[in-house]
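Trainee: Structure below; questions to follow.
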Amino acid sequence: MGKVEDGKPYQWGRLYAALRAVHGFAATGRVTPATDRELRDTASRPRSVFEGFLRNAGLDVFAARQRGGLVAEAAAVAFADVARLIPPRRMDTDQITAQAAHFRQGYEAQLAEYRKAWEGLVD
Numbered sequence: 001m002g003k004v005e006d007g008k009p010y011q012w013g014r015l016y017a018a019l020r021a022v023h024g025f026a027a028t029g030r031v032t033p034a035t036d037r038e039l040r041d042t043a044s045r046p047r048s049v050f051e052g053f054l055r056n057a058g059l060d061v062f063a064a065r066q067r068g069g070l071v072a073e074a075a076a077v078a079f080a081d082v083a084r085l086i087p088p089r090r091m092d093t094d095q096i097t098a099q100a101a102h103f104r105q106g107y108e109a110q111l112a113e114y115r116k117a118w119e120g121l122v123d
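Below is the structure:
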């Protein structure tokens, strides 16, 4: 049996954290954690939620970079993470609700990395 970290739900959780970070840096200059409801909703329809974030990702990184300073630097890293974390294959439309705990673990792991790297910008 493989490690949780190698699974699709965990990886998608990390991608969700990166997408939320880019959006947060654009909107408020900081990242606020997703609510339980947002995590459940995303696990039930990950591709749809990701597509929603991706539609605005370019504008979000543009806005965040214009803030300058650490926010601009953090947004650039998070945006690069988005590109790196999107799987290099077709993303199916299956929900991953049954594996929501692994999705949450991936999300929390990525958020913890951001919290450590950008203290004060990540709640």
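The working numbering applies: residue 1 is where the sequence shown begins, and numbers increase by one.
Glycine residues also receive a C-beta, built at the ideal position from the N, C-alpha and C atoms.
Nothing here was measured: the structure is a model prediction, and the numbers come from that model.
(1) When the distance is taken between beta carbons, is Phe-103 closer than 7 angstroms to Gly-24?
(2) Do Ala-75 and Val-61 count as a contact pair if the criterion is CB distance below 7 angstroms?
(3) What are the start and end residues of the alpha helix (DSSP H) that includes Lys-3?
(4) Alpha helix (DSSP H) containing Pro-46: first to last residue?
(5) Between Met-91 and the rest of its own chain, which residues show a CB-CB distance below 7 angstroms, the 5 nearest in sequence each way excluded?
Mentor: Taking the definition as stated:
(1) no
(2) yes
(3) Neither: Lys-3 is in no alpha helix (DSSP H) and is coded neither H nor E.
(4) 46 to 66
(5) Arg-47
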